Every structure is written in C-alpha cells, then in structure tokens.
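Chains Y and G supply the protein sequences, listed in that same order. The numbering of the first sequence is the numbering used here, which starts it at 1 and goes up by one. The numbering of the second sequence is the numbering used here, which starts it at 1001 and goes up by one. Report on one structure; see the data block that follows.
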Amino acid sequence: MSEIILMTHVFFGVACVIAAVWVFVDVLNVSEANGKRIQWVSRAAAVFMWLSLLAGGYWYVVFYPADKAIILKGPWPFAHAYFMETKEHLVILLLLLATYLPIAASNRLVANPDARRLVLWLAALIPLLGLLIEGHGAIIAMGVKVALLAKHIQP
Amino acid sequence: MENRPVSKYTTSFGLSLALTSFLNALLVVVKEKSPAVQAGMKSLTGHHWVTHVAIVLVLFIAFGFLLAQFKRGQGLTLPVNRLINTILAGVVVAGGIIVGFYLVAD
C-alpha cells in the first residue's frame, strides 16, 4: 500500500509537470481555437498538483518516519537532512504556482499579450521547480537504498 | 511596453502568491529555530508540516480575496510586468531562503 501511495504521488507530480509544459506550448501558439483547452489543461495541472500533494503528504506523515530512520543510519544522512527537508517546503511553492495557474489562464489570452507572458512564466516555473523536486525525491529514495545496501553488505 | 489589464483576481492572487511564498520560507526558519513553535504547530494537526501547509494555504486564499477588495471592490491595479517581477521575486527569494537555510544554517 505504501508503494502505491508513493507512486501515485510521483505519477500526479509528473502529470502536473507535463500539463504545465502543455500549457506553455499552447500559449506560445494561442488562438481562438485553443483558448478553452489552455484553461482546461491549466485546471488539470492544478488538480494533478493537489492530488500529488495529498498522496505525498499522507505518505510523508504515515510511512516516511520508517524510511527516515533508515536514511539517518546510512551513508547518506543528507538525503533526509537536506533533500527531504528542502523538498517538503519547496513543494508548497509549487502548490501555490499550480493553484494560481488557472486563475492567470482565465484571462483572455488571445487578446492580451501581457496575460500571455504571465501564464508563460508560470507554466515555465512549474516544470523547472517540479523537476527539481522530482530530483530531490530520487535522492531521498537513493538514501534509503544505499542505507539498506550498506547494512546488507556489512560483515 | 504597453500593459493591458488582467482580472482583479489575477492581480490579487498573484500578489498573494508572492507574499505567501515569502511567509512560507519565513515560517520554515522560525519553526526550525524555535522548538516551541514547532511543537505548537505539531499539536494543532498532529504534524508540523501539515499545519505549515494549512497556514500557507489559508494565507494564500485570505490575501487573495482581501487584496481583491481594495479600491472599493475593484482590486489593486498593477502593471502585469510588475506583477510578474513580484511573483518571480517572491518565489526565487523564498526558494533561496529554504535552500540556503537547510544548506548553511541548519
């Protein structure tokens, strides 16, 4: 169950990043035809981010303490002390950006270049921050792995 | 460069985003430096991080609607370029504080 929740967290995190990239590309090619789609995909990015946070938050509160104990006894204690501590607070910035994206995208983008520029900045920040946070998650997972490997190969 | 207006909620929630991002980072420093604050946050929901997220979200929504009520309900007006710069500054400074704090201070 723990792994399914964790993979759900990662899945929706990646889905949020992909949706934001979609918005970025669609806004670069904005027209009367894709205006509605931009709004729907922006909303999807926000929903994906919320689902990712809910799954990740539940996993973090309920299951992570066991992983944390393993990491801190292993050769990569910084996987918790730096990467998890940073990740759990940077993700709040990502949540705010993703929640704000559909608000900004609700303007009439085809007629408003300033609103387009705002949405482009948001849709660029979300994947950048999202990939940074995904990388943090990978290092945390490696922290568990190297700790278990070190324990396994100890004489 | 010409600046066309955006909706009042775009401006108010954009400013709220910048402000709450900064407050998010500030709360990180305060709770990590003060065990009493962290214990208080933990006692509210059972986990300091859950309380942290809840505080930031409540502030984001509250500031967003509050700033939209300025100028007799017309909301704050701001050139979009300045709004973008404010959001970028808020997110970058907040991210820098969080990363820097755990890298150096903690």
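Heads up, the beta-carbon is just placed ideally off N, CA and C, and yes, glycines get one too. As the structure is a prediction and not an experimental result, all values here were calculated from the model.
Inset, instruction - Examine chain G for any beta-carbon lying closer than 9 Å to the beta-carbon of residue 72 of chain Y, and answer yes or no. - result: Your numbering for residue 72 of chain Y matches position 72 in the first sequence. Cβ-Cβ to chain G under 9 Å: no for residue 72 of chain Y.
Inset, instruction - Report yes if the CB atom of residue 24 of chain Y is closer than 9 Å to the CB atom of residue 123 of chain Y, and no otherwise. - result: Walking along the first sequence from the start, residue 24 of chain Y turns up at place 24. Walking along the first sequence from the start, residue 123 of chain Y turns up at place 123. Yes, the pair counts as a contact, with Cβ atoms nearer than the cut-off.
Legend entry - Backbone secondary structure at residue 1047 of chain G - three-state DSSP: On the second sequence, position 47 is the one that residue 1047 of chain G refers to. Note: residue 1047 of chain G maps to coil in three-state DSSP.
Legend entry - Neighbour list for residue 34 of chain Y in chain G, Cβ cutoff strictly below 8 Å: Here residue 34 of chain Y corresponds to residue number 34 of the first sequence, with the count starting at 1. Within 8 Å Cβ-Cβ: nothing; residue 34 of chain Y doesn't reach chain G, min ~19 Å.
Inset, instruction - Give every residue of the same chain whose Cβ lies closer than 6 Å to the Cβ of residue 87 of chain Y, excluding the five residues on either side of it in the sequence, and list them in chain order. - result: Counting from 1 along the first sequence, the entry for residue 87 of chain Y is found at position 87. For residue 87 of chain Y, where only same-chain residues beyond five positions count, the Cβ hits under 6 Å are 133, 136.
Legend entry - Enclosing alpha helix (DSSP H) for residue 1088 of chain G [first to last residue]: Position 88 of the second sequence, counted from the start, is the residue given in the question as residue 1088 of chain G. Under the DSSP assignment, residue 1088 of chain G falls in the alpha helix (DSSP H) whose first and last residues are 1080–1100.
Inset, instruction - Flag residue 1040 of chain G as yes if its beta-carbon sits less than 9 Å from any beta-carbon of chain Y, otherwise no. - result: The count along the second sequence starts at 1 and reaches residue 1040 of chain G at position 40. Closer than 9 Å: no.
Legend entry - Nonlocal neighbours in the same chain, by C-beta distance under 6 Å from residue 55 of chain Y, ignoring five residues either side: The count along the first sequence starts at 1 and reaches residue 55 of chain Y at position 55. So the qualifying residues of the chain are 5, 8, 9.
Inset, instruction - Ignore the nearest five residues each way along the sequence and tell me which others in residue 127 of chain Y's own chain have a CB closer than 8 Å to its CB. - result: Numbered from 1 along the first sequence, position 127 holds the residue referred to as residue 127 of chain Y. Cβ within range, chain order: 17, 20, 21, 24.
Legend entry - C-beta neighbour in chain G for residue 96 of chain Y, strict 9 Å: Position 96 of the first sequence, counted from the start, is the residue given in the question as residue 96 of chain Y. True, the Cβ-Cβ gap to chain G drops below 9 Å.
Legend entry - chain G contacts made by the segment 119–132 of chain Y, where a contact means CB separation under 7 Å: Correct list: 121, 125.
Inset, instruction - Spell out whether any CB of chain Y is found under 9 Å from the CB atom of residue 1105 of chain G. - result: Indexing the second sequence from 1 puts residue 1105 of chain G at position 105. It does not: the Cβ of residue 1105 of chain G has no partner Cβ on chain Y nearer than 9 Å.
Inset, instruction - Verify the CB distance criterion: does residue 18 of chain Y have a CB-CB separation below 9 Å to chain G? - result: As a working mapping, residue 18 of chain Y is identified with position 18 in the first sequence. No, its Cβ sits nowhere closer than 9 Å to a Cβ of chain G.
Inset, instruction - Determine whether the Cβ of residue 1102 of chain G lies closer than 9 Å to any Cβ atom of chain Y. - result: Position 102 of the second sequence holds residue 1102 of chain G. By this cut-off, residue 1102 of chain G is an interface position.
Inset, instruction - Mark residue 1052 of chain G as exposed unless 16 or more other C-beta atoms lie within 10 angstroms of its C-beta, in which case mark it buried. - result: Numbered from 1 along the second sequence, position 52 holds the residue referred to as residue 1052 of chain G. Buried.
Inset, instruction - Return helix, strand or coil for residue 117 of chain Y, following the three-state DSSP convention. - result: The sequence position of residue 117 of chain Y within the first sequence is 117, counting from 1. DSSP places residue 117 of chain Y in helix when its eight states are reduced to three.
Legend entry - Contact between the segment 69–83 of chain Y and the segment 1067–1080 of chain G (3+ Cβ pairs under 8 Å): no
Inset, instruction - Please go through the same chain and pick out, in chain order, the residues whose beta-carbon is closer than 8 Å to the beta-carbon of residue 101 of chain Y, but skip the five residues on each side of it. - result: Within the first sequence, numbered from 1, the residue matching residue 101 of chain Y stands at position 101. Contacts found: 20, 23, 42, 45, 46, 119, 122, 123, 126.
Legend entry - Cβ-based neighbour list, residue 1078 of chain G, same chain, cut-off 6 Å, excluding 5 preceding and 5 following: For this step, residue 1078 of chain G is matched to residue 78 along the second sequence. Only 1011 meet the Cβ criterion.
Inset, instruction - Kindly indicate which three-state DSSP category residue 59 of chain Y falls into: helix, strand or coil? - result: For the purposes of this step, residue 59 of chain Y is taken as the residue at position 59 of the first sequence. In the structure shown, residue 59 of chain Y sits in a helix (DSSP, three-state: H, G or I).
Inset, instruction - Decide yes or no for the touch test of the segment 1054–1065 of chain G against the segment 1008–1025 of chain G: beta carbon pairs closer than 8 Å, at least 3 of them. - result: Between the segment 1054–1065 of chain G and the segment 1008–1025 of chain G there are three or more inter-stretch CB-CB distances shorter than 8 Å, so the stretches are counted as touching.
Inset, instruction - Spell out whether any CB of chain Y is found under 9 Å from the CB atom of residue 1083 of chain G. - result: In the second sequence, the residue the question calls residue 1083 of chain G occupies position 83. At least one chain Y Cβ lies under 9 Å of residue 1083 of chain G.
Inset, instruction - Could you give the DSSP three-state label for residue 97 of chain Y: helix, strand or coil? - result: Along the first sequence, read from residue 1 onward, the residue named residue 97 of chain Y stands at position 97. Residue 97 of chain Y: helix per DSSP, three-state reduction.
Inset, instruction - Work out the CA separation of residue 64 of chain Y and residue 96 of chain Y for me, nearest whole Å. - result: Taking the first sequence and counting its residues from 1, one reaches residue 96 of chain Y at position 96. Taking the first sequence and counting its residues from 1, one reaches residue 64 of chain Y at position 64. In a straight line, the C-alpha of residue 96 of chain Y is about 24 Å away from that of residue 64 of chain Y.
Legend entry - residue 1098 of chain G, buried or exposed, once every other Cβ within 10 Å from all chains shown has been counted against 16: On the second sequence, residue 1098 of chain G is found 98 positions in, with the first residue counted as 1. Label assigned to residue 1098 of chain G: buried.
Legend entry - Reduced DSSP secondary structure (H/G/I, E/B, other) of residue 136 of chain Y: On the first sequence, residue 136 of chain Y is found 136 positions in, with the first residue counted as 1. In this structure, residue 136 of chain Y counts as helix in the three-state DSSP scheme.
Inset, instruction - Using a Cβ-Cβ cut-off of less than 7 Å, list which residues of the segment 1002–1036 of chain G approach chain Y; keep chain order. - result: Correct list: 1003, 1004, 1006, 1007, 1009, 1010, 1013, 1014, 1017, 1020, 1021, 1024, 1028.
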